[in-house]
Amino acid sequence: MSKFWSPFVKDLVPYVPGEQPKLANLVKLNTNENPYGPSPKALAAMREVLDDGLRLYPDPNGDRLKVAVAEFYGITSQQVFVGNGSDEVLAHAFHGLFQHGKPLLFPDVTYSFYPVYCGLYGIAFEALALDGQFQIRVEDYARPNGGIIFPNPNAPTGCLLALEAIERLLQANPDSVVLVDEAYIDFGGESAVGLVGRYPNLLVTQTLSKSRSLAGLRVGVAIGHPDLIEALERIKNSFNSYPLDRLAIVGAAVAFEDRAYFEQTCQAVVSSREQVVAGLQGLGFEVLPSAANFVFARHPQRDALQIAAALRERGVLVRHFKQARIAQFLRISIGSPAQNQALLDALGAL
Ligand code: PMP
Numbered sequence: 038m039s040k041f042w043s044p045f046v047k048d049l050v051p052y053v054p055g056e057q058p059k060l061a062n063l064v065k066l067n068t069n070e071n072p073y074g075p076s077p078k079a080l081a082a083m084r085e086v087l088d089d090g091l092r093l094y095p096d097p098n099g100d101r102l103k104v105a106v107a108e109f110y111g112i113t114s115q116q117v118f119v120g121n122g123s124d125e126v127l128a129h130a131f132h133g134l135f136q137h138g139k140p141l142l143f144p145d146v147t148y149s150f151y152p153v154y155c156g157l158y159g160i161a162f163e164a165l166a167l168d169g170q171f172q173i174r175v176e177d178y179a180r181p182n183g184g185i186i187f188p189n190p191n192a193p194t195g196c197l198l199a200l201e202a203i204e205r206l207l208q209a210n211p212d213s214v215v216l217v218d219e220a221y222i223d224f225g226g227e228s229a230v231g232l233v234g235r236y237p238n239l240l241v242t243q244t245l246s247k248s249r250s251l252a253g254l255r256v257g258v259a260i261g262h263p264d265l266i267e268a269l270e271r272i273k274n275s276f277n278s279y280p281l282d283r284l285a286i287v288g289a290a291v292a293f294e295d296r297a298y299f300e301q302t303c304q305a306v307v308s309s310r311e312q313v314v315a316g317l318q319g320l321g322f323e324v325l326p327s328a329a330n331f332v333f334a335r336h337p338q339r340d341a342l343q344i345a346a347a348l349r350e351r352g353v354l355v356r357h358f359k360q361a362r363i364a365q366f367l368r369i370s371i372g373s374p375a376q377n378q379a380l381l382d383a384l385g386a387l
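Pasting the structure below:
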């Protein structure tokens with residue numbers, strides 16, 4: 038705290054990201070990164086633009102990337118917004134689409150950045166309890182609201198909501214934006230992008246940090262009706278004209294174009310997930326059904342925080358959340374086969 042801080046800054050409660058340790062050789066399963074590298078074609082394309090051209094500003098609209106995303110999904114580039122990580126895209130959506138004087142609705146167990154953005158932009162919210170199986174109860178969202186947001190699959194649970202339930206939400210809330218945060222959709226879920234043509238109140242966000250293994254590049258996208266996209270553009274152009282640099286625009290576009298590599302690496306993560314689930318269950322863990330690149334698990338006899346600390350001593354990082362309802366769970370990212378084995382071996386030794 039300092040006398041130079043505005044009262045607004047004093048009261049902010051910032052998001053706390055998972056640890057990015059400086060130590061080498063850790064088995065890092067705490068922030069849902071992809072164990073496989075980015076598309077080699079995307080890396081090559083970025084190397085190609087790593088030259089004197091960097092003295093020039095990038096395309097402020099990132100059109101090359103918008104076209105690649107539009108082609109991937111068979112939509113138009115007027116339905117696509119791009120930003121510096123999906124966190125930034127989400128921030129603009131909170132700022133531009135959720136500020137309506139009525140509470141934003143989201144699950145009580147969900148991505149912990151949502152309440153942070155509510156604090157930053159002065160948005161009231163109601164956190165609605167997931168059911169006993171940690172599933173979203175769609176019926177609960179039939180109440181006055183200034184918007185609805187949830188990740189699908191949800192984070193940190195990994196649980197998937199069926200598209201049919203999402204459609205019910207959209208139909209029941211024609212006057213609110215329903216934002217489906219699909220950070221993890223490519224690991225087993227069906228995207229709601231196919232619904233954007235029919236529902237002008239649907240905004241879908243995605244990230245290249247997970248299924249396209251570009252967390253270090255910082256690229257996220259939003260897909261929705263051009264009117265929603267225009268709101269995001271207005272915020273973006275009032276904040277930072279060039280959120281994506283030259284490398285990011287090209288690298289992300291080629292990552293979308295390289296469908297084969299994307300499908301192959303997603304499939305590898307999904308098969309590893311099934312093995313990790315079986316291994317954890319063999320050690321007595323209860324594991325929630327996951328459609329993501331992580332699992333959410335608890336041991337009926339062992340304290341989660343103690344397990345996390347003991348794993349850390351053995352060089353394995355997993356994520357623990359000090360939050361009601363989930364304090365006995367660990368969120369474990371799916372790593373390479375060797376990392377997953379190291380995790381199971383360390384747990385076995387405990
Ligand atoms: N949404 C969810 C549910 C996430 O877990 C994350 C990753 N922390 C993000 C959005 C943001 O991802 P990024 O900013 O890397 O695109």
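Using my numbering, you'd call the opening residue of the sequence shown number 38 and step up by one each time. Cβ atoms here follow ideal geometry from the backbone N, Cα and C, with glycine treated the same way.
Provide the residue span of the alpha helix (DSSP H) that contains L60, from first to last.
Locating residue 60 in the sequence shown gives position 23, counting from the first residue. L60 -> no alpha helix (DSSP H), and no H or E assigned at all.
Applying the 10 Å Cβ sphere with the 16-neighbour rule, what's the burial state of P54?
For the purposes of this step, residue 54 is taken as the residue at position 17 of the sequence shown. Counting Cβ neighbours within 10 Å, P54 comes out exposed, since fewer than 16 surround it.
Does any heavy atom of the ligand PMP sit closer than 7 Å to the C-beta of G253?
The residue labelled residue 253 in the question sits at position 216 within the sequence shown. Checking the Cβ of G253 against the ligand PMP gives no.
Give the DSSP bridge partners of L331, in chain order.
In the sequence shown, residue 331 corresponds to position 294, counting from 1. The sequence as given places Phe at residue 331; Leu does not occur at that position. Per DSSP, S370.
Pair within 8 Å by beta-carbon distance, V355 and A347:
Here residue 355 corresponds to residue number 318 of the sequence shown, with the count starting at 1. Here residue 347 corresponds to residue number 310 of the sequence shown, with the count starting at 1. Going by C-beta atoms, V355 is not nearer than 8 Å to A347.
Terminal residues of the continuous beta strand (DSSP E) containing F143?
On the sequence shown, position 106 is the one that residue 143 refers to. L141 to P144 is the extent of the beta strand (DSSP E) around F143.
Beta-carbon spacing of A383, R339 below 8 Å:
Indexing the sequence shown from 1 puts residue 383 at position 346. Indexing the sequence shown from 1 puts residue 339 at position 302. Cβ atoms of A383 and R339: not closer than 8 Å.
Nearest to A290 by alpha carbon, out of A164, E56, L91 and K78?
Along the sequence shown, one-based indexing puts residue 290 at 253. The shortest Cα separation from A290 among A164, E56, L91 and K78 belongs to K78.
Euclidean distance between Cα positions of Y154 and R349:
As a working note, residue 154 is residue 117 in the sequence shown. As a working note, residue 349 is residue 312 in the sequence shown. One C-alpha to the other measures close to 30 Å.
When you compare each of E70, G159, I203 and L245 to S228 by their alpha carbons, which one comes out closest?
As a first step, residue 228 is located in the sequence shown; it is residue number 191 there, counting from the start. Comparing Cα positions, the closest option is I203.
Proximal residues to S246 (C-beta, below 6 Å), its chain only, five neighbours per side dropped
Residue numbering aside, residue 246 sits at position 209 when the sequence shown is read from its first letter. Excluding positions up to five away in sequence, the list reads A252.
Under 8 Å between the Cβ atoms of T302 and S123?
For the purposes of this step, residue 302 is identified with residue 265 of the sequence shown, where counting begins at 1. For the purposes of this step, residue 123 is identified with residue 86 of the sequence shown, where counting begins at 1. Taking 8 Å as the Cβ cut-off, T302 and S123 do not qualify as a contacting pair.
Starting from L354, follow its DSSP beta bridges and name the residues at the other end.
By one-based count along the sequence shown, residue 354 stands at place 317. Note: L354 sits in a beta bridge opposite K65.
For a test of the three-state rule: what should DSSP assign to F109, helix, strand or coil?
Numbered from its first residue, the sequence shown carries residue 109 at position 72. F109: helix per DSSP, three-state reduction.
Here's a check: name, in chain order, each residue in its chain whose Cβ is nearer than 7 Å to the Cβ of G226, leaving out the five neighbours to either side.
Within the sequence shown, residue 226 is the residue found at index 189, counting from 1. N189, P190, L197 and A328, listed in sequence order.
With 8 Å set as the bound, which would you pick, yes or no: does the beta-carbon of V217 sit closer than that to a beta-carbon of chain D?
Judged by its chain identifiers, the structure shown contains no chain D, having just a single protein chain.
Are there three or more Cβ pairs, one per stretch, closer than 8 Å when the segment 251-269 is compared with the segment 229-242?
yes
Between the C-alpha atoms of D218 and D96, what's the straight-line distance to the nearest angstrom?
Here residue 218 is taken as the residue at index 181 of the sequence shown, counted from 1. Here residue 96 is taken as the residue at index 59 of the sequence shown, counted from 1. Whole-angstrom Cα-Cα distance: 26 Å.
Beta strand (DSSP E) segments (min. 3 residues) lying fully within the segment 245-278:
257-261
Limits of the alpha helix (DSSP H) - the one that L134 falls within:
Here residue 134 corresponds to residue number 97 of the sequence shown, with the count starting at 1. Taken as a continuous stretch (DSSP letters only), the alpha helix (DSSP H) holding L134 covers G122 to L134.
Residues surrounding the ligand PMP [beta-carbon distance to nearest heavy atom under 5 Å]:
G122, S123, D124, Y148, P188, A192, D218, A220, T244, S246 and G257
In chain order, what are the residue ranges of uninterrupted alpha helix (DSSP H) at least 4 long that sit wholly in the segment 144-185?
150-158
Nearest to N389 (by Cα), restricted to the options F162, K273 and Y148
With the chain represented from 38 up to 387, any question about residue 389 goes unanswered, as that position is not in the structure.
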